[in-house]
Every structure is written in structure tokens, then in C-alpha cells.
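Working notes, structure below.
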DNA sequence: CTAGTATTGTGAAGTATTTCACAAGTAAAT
DNA sequence: ATTTACTTGTGAAATACTTCACAATACTAG
């Protein structure tokens, strides 16, 4: 696997999109797919598709196109989706609870295997078949269950109190739903999901055209 | 306001970040702030901060820095946040319902004023003080309530059935939570929020370092 | 076997975005 | 008044990303 190169973030999200398209193509029983077909379904250009794929190898055949099923497994491997990931959800407010019960993660290789909160009310209770742990137990549970990724859905005020616990827990990546900017060592990958920022971007675009 | 220029998407999300930082700065009672201070709090460079701001005007004073409160109102206006936005939520499953009850939107200028679903169960019921309408009523309600933005949290299978209704409803922008790529005229702005894609990006990064 | 059509992989060219670097402005200290 | 320490705004340079364009390859038809 030709690693070490610096791959643009944008290329990675396009690969995610291609993956979905290719899964549909496989399901439709097609035996080949062209970069042009992938491009029109994903809203980019054929050259972009080929360039993105060429970052990781040459997977097609000139004159013929690509094999959808081969490409699915190549991209899965590239994205690290040839295995399942164990996820913890930290913060079981409305959003956190909604995520726990959402099948979409399981269906795409992400298993929610542990829940954390601080509320006396919630700790010890059960949600979707999982026991809620106190956040203080995170190191032990992460170690025991070999958890690698945490989804952080606590109220922003709670972040300072728990960020140290996360840092020392053994967690390797965080999907941060809070508007706080997490200060974590760069051995821990952080991705931010911020609804309000997306709405603000929408607000900007709508305002642009008087 | 110097419009017409093409502004990078990335610049806009940084402005959102600066806005939060500046609100904190104002709350802390600071009377000036430097591009360097903003940069270190937002994880970028001072030059980037100045360049981003200079896309819209010159708001600082050489030798002194910027006035946080002035900058807050400048950025609010740039992002179109000097007014409130009326939002509809389409699809009241777990995620949609969680969003409706989330105060974070209201606090930042976004008012959820209408709800839509298709389920016999839900239509007619009340959620967080709002009546749930059938999606067939969207045009009327959007018009009556002057709604501009829709948050789409339906199951992906439901998208084909309702996309035409959205297109013709008068909605100006859509925040799309489904993994579907929406085919809408480019008079309607679309922003996509996709948890699974973010997790896949995390998976990629974690896999990179064997 | 040749011509015609399709399609990849990839350097090179073209754009876009970020970073550099410095003139110009401000204030405080001496 | 002059020096020193800061700091913005912005062209120019550097870097990053996307698109172009074409040789190389594959297949089909005649």
C-alpha cells in the first residue's frame, strides 16, 4: 500500500462518495463502471475520479473501465473499512441518545460498544442494550473493550472537565460534536461536526445573492 | 459590502470559528484582539486570519489590532447572521426530534418554526410546542411562515418521494443529513452533513499510521 | 489485420488557497 | 523627537488542488 504521501482531505471524502455509488453499481449487477459514470453520479469530473484513485494505485483497465466490486474492496481497504471499528459515545443527551439508536453506523462498520455520561440519573441505566458508564471509568472501559474512537456529544460546558480523561484514555480518534475546539495531542485524530457552522455557511450563501 | 468576489468555502468556516472566539473575547472584557491571538485560538495562522478578514474589508487598526465587538458585528453581518432565520425540520425520527429540542440553534439565530413528516402517527401531533404537518403541506407552510431553510432528516429511502415537493416549496437552502446526493436546481443551496463520512475519514487517518 | 470507439493513468498546465514578508500605522518609553 | 515594540493589510511567492490532454490499451466490427 503506497503510504506516506499526503492525501488531501477532499480526496478522502470523495472516496467515501465513490464507495456508496459503487455499492449501488454492484447491487445493480453492473460488471464495469467508467470514471465518467462515477463522476456524473458524484458531481465531479472523470479526471478527478481517476486522479483520486491513482493516488492509491491503478485499479482500472484502459479501454474498459473499472470493476465495481474490485473497486469497492479497494476503497474499503484504503479507508480502513475492511475491519469493524469500536466506538464509544460520550454524552447521552438528545443527540447522543439518537446516535446510539441509529442503525446507520452499524451498517457501515461502526459498532457502538460503550456509553458514557456524568449524570447520576443516567449512569448505571441501560440504553439500547448497553450499560451507561461514568466518564471516570473511560480508561478502564476503553482498554477492556479495545475502543478506538469516541463520539463526543456532551454540552460544550462539560468539555473542560472531561478532556483530560479523554486524552489519557487510550482513545485514538474523536468525532467532536461540540462547538469547542479540542486541545488534544496530535496522536489523537479529531474531526469536527458542527451543525451550526453548516447553517452559518448556508446563511452566508443565501445572503450573498441579496 | 464588496460582493461578487468568489469566497472560498474554507474561509467561511474559519469566519464561523473566529466569530465564536471573538464572542468569548468580548465576554472576557478584552478591548482589542490581534490576528495572532485569533489564530492561535482557532488553529490557523495570523496571516490567514488577516487574509480572511481582508476579503471583506479592513476592520483593524495597524499597530493596535481589532476591536472584538466591532469584529463580531462585522462577521455576523458577513455571514448573514444580523437577522434570524426560519427553519423547517423534515423527518422526525430520532435525529430530527433531537434537533428540534436542541437549544443551540435558537441561541445562534436559527428558529425552528415548522415540522414535517409523513407518518400517520406523527402528523397532527405536537413536538416541542410545534404541530407536525404532513410533507404534502410544505409549500403552503413555507409560504405562510416565510421559511427559507429546511433541515432534511428523513431516512434515505424517503428522499425520492419528497425531493420534488422540496424543490417546488420555495425553500432556499437545505441542510441535508441523508447520505443521498440531492438533485435540486442550483437556485437552492445544499449543504451536506454526513456522520458516517466523517467516521470514514477518521478511519482513514487512523489506518494511515499502520 | 485494420479502423473505429472507448477508456485509463498521468505528466503538464491551469486555478485556488495559503504563507511570506514588508511597508505603513500606532502607541509608549525615554 | 526618536526609538522600540506591535500589528495590520496586501502584493508576491509558494504550495495545494483540479483540469487538461494525450499516449497506451482494449475490444468490436468488417
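Residue numbers (the numbering used here), protein chains in the order written: chain A, 34 to 243; chain B, 34 to 243. Where is the CB? At the ideal position from N, CA and C, for every residue including glycine.
Look at residue 45 of chain B: its C-beta is under 8 Å from a C-beta on chain A. Proximity of residue 49 of chain B to chain A, defined by a Cβ-Cβ separation below 8 Å, is satisfied. The beta carbon of residue 126 of chain A lies closer than 6 Å to none in the same chain, with the five residues before and after it left out. Distance from the CA atom of residue 95 of chain B to the CA atom of residue 133 of chain A, rounded to whole angstroms, is 51 Å. Short of 6 Å from the beta carbon of residue 151 of chain A, and not among the five residues preceding or following it, lie these beta carbons of its own chain, in chain order: 168. Considered as a whole, the region 107-170 of chain B harbours 118-123, 143-150, 163-167 as its complete beta strand (DSSP E) runs of no fewer than 3 residues, in chain order. Flagged as an interface residue toward chain B: residue 135 of chain A, by a C-beta distance shorter than 8 Å. Here residue 88 of chain A carries a coil assignment [DSSP, helix/strand/coil].
In the DSSP assignment, residue 198 of chain B falls within the alpha helix (DSSP H) that extends over 192-200. The C-beta distance from residue 108 of chain B to residue 52 of chain B rounds to 5 Å, short enough to fall under 8 Å. At least one beta carbon of chain B lies nearer than 8 Å to the beta carbon of residue 234 of chain A. Residue 159 of chain A is classed as exposed because its beta carbon has fewer than 16 other beta carbons within 10 Å across all chains shown. Secondary structure at residue 39 of chain A: coil, using DSSP grouped into helix, strand and coil.
Nearest to residue 205 of chain B by alpha-carbon distance, out of B:220, B:211, B:171, is B:220.
In the structure shown, the three-state DSSP call for residue 238 of chain A is helix. Counting the other Cβ atoms within 10 Å of the Cβ of residue 177 of chain A gives fewer than 16, which makes it exposed.
Along the region 63-76 of chain A, going in chain order, the ones with a CB nearer than 9 Å to a CB of chain B are 74, 75, 76. Neighbours of residue 224 of chain A in chain B, taken as residues whose beta carbon is under 9 Å from its own, are 231, 232, 234, 235, 238 in chain order. Under DSSP, the beta-bridge partners assigned to residue 208 of chain B are B:184, B:224. DSSP places residue 72 of chain A inside the alpha helix (DSSP H), whose first and last residues are 68-75.
For residue 205 of chain B, at least one C-beta of chain A is nearer than 8 Å to its own C-beta.
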